[in-house]
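Working notes for the structure below.
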Amino acid sequence: MKKMRPDEISAIIKSKFPQVTEEAGTNYIIVPKESILEVSQYIKNPPLALDNLHCITGIDRKEKIEVVYTLYSIGEHHGVTLKVNLTLEDLNVASVSAIWKSANWLEREVYDLFGVIFSGHPDLRRILNPYDWQGYPLRKNYSNPDFIAKPRM
Amino acid sequence: MDATQTKDMYTEEFLINMGPQHPSTHGVLSLELKLDGETIRGCTPHIGYLHRSMEKIAENRTFTQFIPFTDRLDYVASMNNNLGYVMAVEKLLNLEISERAKYIRVIIAELNRIASHLIATGTFAQDLGAFATPLFYCFREREKIVEIFDQICGNRLTYNYMRIGGVMADLSGEIIEKIKEFIEYMRPKIDDYDELITYNVIFLARSKHIGVLSKEMAINYSVTGPNLRGSGVKWDLRKDEPYLVYDKLEFDVPVGENGDAWDRYKVRIEEMRQSLRIIEQAIESLPQGDVTVKVGRVHKPSVSETYFRTENPRGELGFYIVGDGSVYPYRLKIRSPSFSNLAVLPELVKDIKVADIVCVLGSFDVLMGEIDR
Amino acid sequence: MLSILTIIWALIVGIIVLGFIAASAMFLIWWERKVSAHIQSRYGPMRVGWHGVLQSVADAVKLLLKENIIPAEADKLVWWLAPFIAVVPPVMAFVVLPFGKNLIVKDLNVGVLYLMALSSVSVIGIFMAGWGSNNKYSLIGGMRSAAQIISYELPLILSMIIVAMQAGSLSMQKIVLAQAGCWNIFHPNLAIAFFVYLTSATAEINRVPFDIPEAESELVAGFHTEYSGMKFAMFFIGEYTNLFIISAIAATLFFGGWQGPVLPGVVWFLIKSYGIVFVLMWVRWTFPRLRVDQLMGFAWKVLTPISFFNLALTGWLLIK
Amino acid sequence: MIKYSKNFVIGIWSLIKGLAVTMKYCFRPAVTVQYPTEKRPMSDCYRGLVGLHREKCIVCYQCVKMCPTACLAITHKLEDKKKILETFKYNMELCCFCGLCEQVCPADAIVMTKIYEISVYDRKKLDINLLDDKKYDEWTHTTIK
């Protein structure tokens, strides 16, 4: 099968789910947080067969937190990036760890560092920081007496 | 404490903390094991003892300043980490590097892959009780590589050799001769490993059919690198999404059959042979030219984000970099291969003996510097 | 008068034997380090004395000066007694070892039986160490050791019995003398017995590839995890004396003991014993370790049937 | 039964092969060196402690800006519009020996020396004044002769 380009993949997803949009200028697909589970369910199986959840990243954009899912397909050699935007007031998003097992630890990491709550996650504990750590270190407004930022030049 | 009731024997489960200080947890990994006699009933990994907050550090460093930090992620394969990072930044900056630099990067990365696999081989044999001898042989061979790196970049462990837009220093003719010598030296040594460990009957008995990772499970858990190939998935970024000049070089992708510990080990041994082939070809077709392109001391990417992954000795190392137009990355996420590889461990060690958990863990070749970041 | 002389004689012999044990253990530790180093392309100890030959003395002094750490929750008496119980059986085994024609402490007429009895005592020391430390790793090590030694006792004893059958005596000297014409190892059935003996004896003294009681990569150091200083050294002395004992028994039972041309008997005996020690060291630094269930399976499914078959074969050969 | 015995023989043969490999290396010369008395030759570009040619320094602050761990600190004074180096502190505790300062220096004033035997009992000694000529005397002759 021919390797699909990112815009072809996003076209397929958009035709199936009208609520998803595409980020301007890029091929990142923005999924409303309510529909992440059904979109995941769909793209996991053929025709897209994105069976490898490679990476989950949080990005603190100050007014919102983005959760970025980087997905690849081992069989079809293509990939796609999903984004879920969360407002600071409501940091809940459904966990995809039932669909891709690799999401288990990756979501725990995002929870640990950004404080995003993945509802439905089987074991949502901190992973890199100690279990009694306060605060979410990768937020831009994080402060801690032990953390001294290098003076910028 | 809960107990298991078998026919007429009554045994009490007990908890044992394996690590963070333990000879064979490959660093400061802590495994909370629930044991029923010698049999493992449950395993919970606890990580983070080596957490240095690399991603937060990256937000306060310029792109060049972060290169030395990538050395300290996977300290056994620093060159490959350097490579993954600088290539991600180059992708963010849309920077094209010279042809010679590409070949040099391939040679160096493959040399470091051999060094890393040597350590994996040695420690795996050590974990199975071949006390120190294979490990010392592996370190003896690795020393040759480290000496070459020492001559190239002046350091033996944390190389800081790759630069955004090229490499730090050119390969002199003398060093190329040394690398050629090393290839000749290394080939018979791998055969020695085959005789000493790979086909040793005790080694086979210990590692065959232990920790079987099925294809589907490996993909679902996003296991990458030799561990994925050990499960029989023919997936190698160097072949499937070639970067640098890997598409011009000829090499095979070794795969395992059953996905057990021995297959993962065997894939590494074969990969060393393939890496030697790659280095040989790359040296032969090494073009002349500059090794760096002229770029400024600081790099200002546009407001954009990128994800780039390279094939590290332990799996696929990905960097997700978000640039905000300043000289600092807005966000830098490191997708480390060992992190995902370790996540599958609790699934594989159910109902096997306590000696086998060491075997499974050793065959995964995890490295805590990379997991905890 | 006679009794006083006997006591003095016993003391002199005791001192000689203990001196030999200490010297032998130190030499073996140094030698093992050297052998392992050369196998691994290293030098090993080089600093203390010629090629580090006095390294073991320096280590012994260091261990004597070390603090004796007792775990707070340990079973003190058991913990304290264990190293001594581990070291006594190998020392007692010296009673029946024939170093030369007349160089034997006491030629018991049940010498082989006595050795078999002693070899099963040392497990008590190891198990006490595992239990008394109150450490989970030590406990697993002690349990493994008990299971392992009991399993390997059977093939060990069966292979020794074959030698006794061949010689028609249980006395060590008589067994040596019976080999005057032809060493036992050159009889095919006894050659099999020798390999069974060597394998199960390696397991008896917990050496690679049967070192699961102290399996470093799983159990840290097994039963002696919690020991330090001189108590640790006692285990070490016991281990290396055991190594010498099983090699000496093998030399006596299968290689004609002190018999040999030109050189005096004691030299031949030591050459043969240390030769077998070298083989065991060579094996130790080459092979990986078996798993606990494989180890038991090997004892019961391979070694024991072979021994029984061999026993029947020897009986048939003798009657024929 | 035949298969069993065949496997048995193959197993024993594999063990003998392993023993042959170790015996082979037993008689090869050792590859290690006796460290404090005997040392490996150093490579030309070895990255040890940071050193300074003070007469070359043009006080451009590039090294301070480039250092990823902020281990260098400079102060200067102005004398008839010329920058004169006043202090040059080097906090070795933080240094990660990356060599970026050496690479970025436009005047080749800051260099990486070949000193690597740098153990001290007092942590304060790790805060080094690079303008001191005798700063590394203690560490250049540490080897047992």
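If you read the sequences in order, they're chains A, B, C and D. According to the numbering used here, the residues represented by the first sequence are 1 to 153, in order. According to the numbering used here, the residues represented by the second sequence are 1001 to 1373, in order. According to the numbering used here, the residues represented by the third sequence are 2001 to 2320, in order. According to the numbering used here, the residues represented by the fourth sequence are 3001 to 3145, in order. All C-beta atoms in this analysis are idealised placements derived from N, C-alpha and C, irrespective of residue type, glycine included.
Terminal residues of the continuous beta strand (DSSP E) containing B/Tyr-1330?
1329-1335
If the cut is a Cβ gap below 9 Å, which residues of chain B does C/Phe-2255 touch?
The premise fails here: C/Phe-2255 is roughly 27 Å from chain B at the closest Cβ pair, so nothing lies under 9 Å.
Closer than 7 Å by C-beta to B/Ile-1334: which residues in its own chain qualify, once you throw out the five before and the five after it? Chain order, please.
Met-1054, Glu-1055, Leu-1073, Phe-1319, Arg-1373
D/Phe-3088 (DSSP reduced to helix, strand or coil)
strand
Quick one: grab the DSSP three-state call for B/Asp-1036.
strand
Compute the distance between the beta-carbons of A/Leu-128 and A/Glu-107, then report whether it is under 8 Å.
no
Just to make sure I have the definition right: I need the residues of chain D whose C-beta is within less than 7 Å of the C-beta of C/Ile-2039. Which are they?
Thr-3022, Tyr-3025, Cys-3026
According to DSSP, is B/Phe-1319 helix, strand or coil?
strand
Rounded C-alpha distance that separates B/Tyr-1193 from C/Thr-2314:
41 Å
Using DSSP bridges, identify the partner residues of B/Ser-1304.
B/Gly-1323
Got a sec? Which residues, its chain only, sit under 7 Å from C/Leu-2303 by beta carbon, not counting five neighbours each side?
Pro-2155, Val-2196, Thr-2199, Ser-2200
Pairwise C-alpha distance: B/Gly-1211 and B/Leu-1348:
5 Å
Closer than 7 Å by beta-carbon distance: list the chain G residues that pair up with C/Thr-2286, in chain order.
The question asks about chain G, but that chain is absent: this structure's protein chains are A, B, C and D.
As a quick exercise: from C/Ile-2162, C/Leu-2263, C/Glu-2204, pick the residue whose alpha carbon is nearest that of C/Thr-1981.
Past the edges of chain C, shown from 2001 to 2320, lies residue 1981 of chain C, and the structure says nothing about it.
Among B/Ala-1130, B/Asp-1263, B/Ser-1304, which residue has its Cα nearest to the Cα of B/Tyr-1328?
B/Ser-1304
Own chain, CB closer than 6 Å to B/Ile-1197, minus 5 neighbours either side, in chain order
Ala-1125, Pro-1134, Phe-1203
is_contact[B/Asn-1155, chain A] using C-beta, thresh 8 Å
no
Got a sec? Which residues, its chain only, sit under 8 Å from B/Met-1079 by beta carbon, not counting five neighbours each side?
Ile-1108, Ala-1109, Leu-1111, Asn-1112, Phe-1149, Tyr-1159, Tyr-1161, Met-1162
Check whether chain D comes within 8 Å of C/Tyr-2197, counting only Cβ atoms and requiring the distance to be less than that.
no
Going by Cα to Cα distance, which pick from C/Lys-2231, C/Gly-2229, C/Thr-2202 is closest to C/Trp-2367?
The structure shown does not extend to residue 2367 of chain C, since chain C is modelled only from 2001 to 2320, so the question has no answer here.
List the residues of chain A whose Cβ lies closer than 9 Å to the Cβ of B/Ile-1197, in chain order.
Within 9 Å Cβ-Cβ: nothing; B/Ile-1197 doesn't reach chain A, min ~30 Å.
Interfacial residues, the segment 1204-1233 of chain B to chain C, with Cβ spacing under 8 Å
Ala-1205, Arg-1206
From the beta carbon of B/Ile-1016, is the nearest beta carbon of chain C less than 8 Å away?
yes
Listed from N- to C-terminal order along the chain, which residues in the segment 103-128 of chain A have their beta-carbon within a distance smaller than 7 Å of any beta-carbon of chain B?
Asn-104, Trp-105, Ile-127, Leu-128
Residues of the segment 1292-1311 of chain B in Cβ contact with chain D at a cutoff of 7 Å, in chain order, please.
Arg-1297
For A/Lys-154, would you say it is in contact with chain B, using Cβ-to-Cβ distances shorter than 8 Å as the test?
This structure cannot speak to residue 154 of chain A, because chain A is shown only from 1 to 153.
Taking 8 Å as the threshold (beta carbon to beta carbon), is D/Leu-3100 in contact with chain C?
no
Between B/Val-1322 and chain A, is any beta-carbon pair separated by less than 8 Å?
yes
Starting from B/Pro-1068, find everything on chain D with Cβ-Cβ shorter than 9 Å and list it in chain order.
Pro-3068, Thr-3069, Cys-3096, Phe-3097, Cys-3098, Gly-3099, Leu-3100
Starting from D/Cys-3096, trace the alpha helix (DSSP H) both ways and give me its first and last residue.
Segment: none, D/Cys-3096 is in no alpha helix (DSSP H) and carries neither H nor E.
Residues bridged to A/Asp-60 (per DSSP)
A/Ile-65
Verify the CB distance criterion: does C/Ile-2240 have a CB-CB separation below 8 Å to chain D?
With the sequence shown as reference, residue 2240 of chain C is identified as Tyr, and Ile is not the correct amino acid for it. Cβ-Cβ to chain D under 8 Å: no for C/Tyr-2240.
For A/Leu-91 and B/Gly-1232, what's the separation of their Cα atoms in angstroms?
39 Å
Answer with yes or no whether the minimum CB distance from B/Thr-1133 to chain D is below 8 Å.
yes
Since B/Asn-1017 sits in a beta bridge, which residues does DSSP pair it with?
B/Glu-1032
Assign D/Ala-3107 to one of three DSSP states: helix, strand, or coil.
coil
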